[in-house]
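Worksheet for the structure shown next.
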Amino acid sequence: MNIIICENLSVAFSKTPVLKDLSFTVDEGDYLCIVGENGSGKSTLIKCLLGLIAPDTGHIVTEKSLFNHIGYLPQQTTIQKDFPATVFEVVLSGFLNDLNGRLFYTKAHKEKAKEMLSLFGISDIKNKSYRTLSGGQQQRVLLARAMCSTKRLLLLDEPEAGLDPLAVRDLYATLRKLNREHGITIIMVSHSLNEAVREANKVLHLGEDCSFFFGTSKEYEKSEFGKRFLGGQKND
Amino acid sequence: MTDIFNAFLSYSFLRNALIVGTLVSLCCALLGVSLVLKRYSMIGDGLSHVGFGAMSIALALNLAPLYVAIPVVIISAFLLLKINEKSRLFGDSAIALISTSSVAIGVMIVSMTKGMTTDISNYMFGSILVMTKADVILSIVLSLLVLVLFVLFYNRIFAITFDESFAKATGTNTNLFNSFIAILTAITIVLGMRMMGAMLISSLIIFPALSSLKVCKSFGAVIVLSAVISAISFICGLFMSFTLDSPTGATVVVSNLVVYLLFCLIAKIRKN
Ligand SMILES: Nc1ncnc2c1ncn2[C@@H]1O[C@H](COP(=O)(O)OP(=O)(O)OP(=O)(O)O)[C@@H](O)[C@H]1O
Ligand SMILES: [Mg+2]
């Protein structure tokens with residue numbers, strides 16, 4: 026069943042088109058990987074899906090309730106360097122959309138947040154200040170927060186950025202588990218093509234001049250786009 | 090010491106100043122943390138100047154100052170927030186523009202209608218004598234309301250202050266909450282500026298937050314410490330102004346400054 030339908034989406038920044046006539050669909054339980062070169066509009070697309078940017082033309086159809094079950098990991102956060110907040114405060118704030126008119130977080134929220142901390146191996150820095158963490162640690166905290174805010178859909182913009190190779194492997198394993206066992210739909214922007222194509226069941230490749238490819242991973246491997254990019258990487 | 094204290098409390102206007110001032114200081118401290126972290130502290134300053142303009146006009150027209158200033162300042166808060174959203178750079182200059190214009194218009198109107206009386210100086214630098222009984226009651230009610238609302242929406246305010254786009258992406262109406270904070274700030278500033286003065290009230294918003302940011306690592310701790318610092322600084326300032334016979338607003342600001350310097354020192358020592 027389609028949970029997101031994107032039709033003829035176009036976005037331009039000061040007359041320069043970034044996305045043009047982009048169409049694709051996402052089904053419940055999909056693992057969609059968005060790939061493409063720097064500046065091809067991947068982050069822009071994610072922001073459109075989240076409703077942070079309004080498209081110029083075309084539209085995105087989603088269930089309204091989807092937005093209360095979304096988890097989001099931004100590529101670069103706008104969080105200021107000197108913000109005082111502990112890791113636990115940050116992760117707990119992922120339950121913001123689960124407050125439902127309640128004013129404070131429940132015990133269950135706090136338990137779940139602790140689970141997420143241990144899932145990402147950051148339980149020991151629970152009470153540390155977010156601003157003093159390394160880039161990779163901050164990334165894990167934000168991932169844990171994103172996991173708290175979702176029951177259905179997780180949107181990740183380059184989640185592997187800043188993680189060490191071991192952590193990247195753990196991340197992929199975690200995402201796989203969430204997708205396969207918990208049925209959470211995943212949309213992920215990534216630059217590691219081979220891994221991404223192996224993990225995902227669908228690929229959206231944003232190419233030059235607003236061209237794009239959308240299809241299953243199998244189709245992608247056989248397509249012109251896939252051959253050029255995957256082949257190029259394998260020869261390294 | 091107790092003699093001075095008893096003498097202090099025997100004046101009803103000082104008692105009122107103590108109650109209203111402490112409540113307003115608490116409101117300023119709580120909102121201040123959010124405003125400072127969102128880089129909105131200039132808005133607080135701008136609003137107090139708009140408040141000055143509005144109160145001067147009320148004075149010229151013989152209207153109750155609070156009833157004119159509160160709505161005018163709330164509307165300006167919305168406006169400044171909108172301008173700031175559109176462009177950060179232009180936002181800063183827009184605030185300077187609006188605040189200086191408001192002061193200029195206020196001064197002009199009053200000097201034309203009533204001449205430069207002590208009232209104007211009271212609005213600029215504050216006075217604890219100007220509040221009527223109705224003002225005191227209104228101030229107490231409104232500042233309690235601000236405090237309660239802040240505590241109730243604490244988690245949402247944290248999330249929006251920390252990462253607005255995440256909050257928005259996960260379905261929180263961030264515009265609504267920004268407006269909410271703007272309204273609370275507008276009310277707080279108008280209530281505080283009678284006592285502290287239009288030129289000085291924004292220091293109550295900025296100082297406690299900056300002081301506690303020096304030493305705390307969690308948002309919760311920053312909020313609590315700011316509130317404590319703000320209340321203590323105000324009470325000390327008021328008491329000092331009574332014993333030294335100095336203007337209240339200025340003395341409270343100096344007392345906040347001393348606390349800030351103290352915390353800078355603590356942070357320095359901790360680092361070494
Ligand atoms: N707010 C904005 N205003 C103007 N131009 C923008 C804005 N956001 C993005 N762009 C432009 O849109 C294009 C696509 O940007 P986007 O961030 O979506 O790329 P990306 O595919 O995510 O790249 P990367 O791989 O580096 O993350 C870029 O050329 C960028 O300069
Ligand atoms: Mg990007």
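Chains as they are written, first to last, in my numbering: chain A, 26 to 261; chain B, 90 to 361. For glycine and all other residues, C-beta sits at the position ideal for the given N, C-alpha and C.
Asked	Found
Expected contact under 8 Å - CB spacing of Gly-83 of chain A and Thr-210 of chain A to nearest Å	Rounded, the Cβ-Cβ distance is 21 Å, inconsistent with contact.
Heavy atom of ligand 3 within 8 Å of Glu-183 of chain A beta-carbon	This structure simply doesn't include ligand 3; it includes ligand 1 and ligand 2 instead.
Cβ shell of Ser-217 of chain A (< 7 Å), same chain only, five flanking positions each side left out	Glu-185
Chain A within 9 Å of Asp-252 of chain B, Cβ atoms only	yes
Segment contact, 8 Å Cβ cut-off, at least three pairs: the segment 98 to 109 of chain B with the segment 138 to 145 of chain B	no
Leu-350 of chain B, DSSP secondary structure in three states	helix
Cβ contact (3+ pairs, closer than 8 Å) linking the segment 110 to 119 of chain B and the segment 309 to 327 of chain B	yes
Any non-hydrogen atom of ligand 1 within 8 Å of Ser-217 of chain A CB	no
Whether Thr-263 of chain B touches Ala-271 of chain B by CB criterion (9 Å)	no
Same chain only: Cβ atoms within 7 Å of Lys-137 of chain A, ignoring 5 sequence neighbours per side	Cys-173
Neighbourhood of Phe-108 of chain A by C-beta distance below 8 Å, restricted to the same chain and skipping five residues each side	Tyr-155, Arg-156
Inter-stretch contact at 8 Å, needing at least 3 Cβ pairs: the segment 166 to 183 of chain A / the segment 138 to 149 of chain A	yes
Asn-152 of chain A and Thr-111 of chain A closer than 9 Å at C-beta	yes
Inside the segment 34 to 116 of chain A only - alpha helix (DSSP H) runs reaching at least 4 residues	67 to 75
C-beta atoms of Asn-244 of chain B and Ser-118 of chain A nearer than 9 Å	yes
Neighbour flag for Ala-169 of chain A against chain B, beta carbons, 9 Å	no
Helix, strand or coil at Asp-208 of chain B according to DSSP, with G and I counted as helix	helix
Inter-residue Cα distance where the pair is Asp-261 of chain A and Arg-127 of chain A	Low confidence applies here, because Asp-261 of chain A scores a pLDDT of 41, under 50, leaving its location unreliable; read the following figure in that light. C-alpha separation (whole angstroms): 54 Å.
Terminal residues of the beta strand (DSSP E) in which Asp-263 of chain A lies	With chain A covering 26 to 261 only, the question about residue 263 of chain A has no answer from this structure.
Supposed close pair Thr-259 of chain B, Leu-74 of chain A - CB separation, criterion 8 Å	With a Cβ gap of about 13 Å, Thr-259 of chain B and Leu-74 of chain A do not count as contacting.
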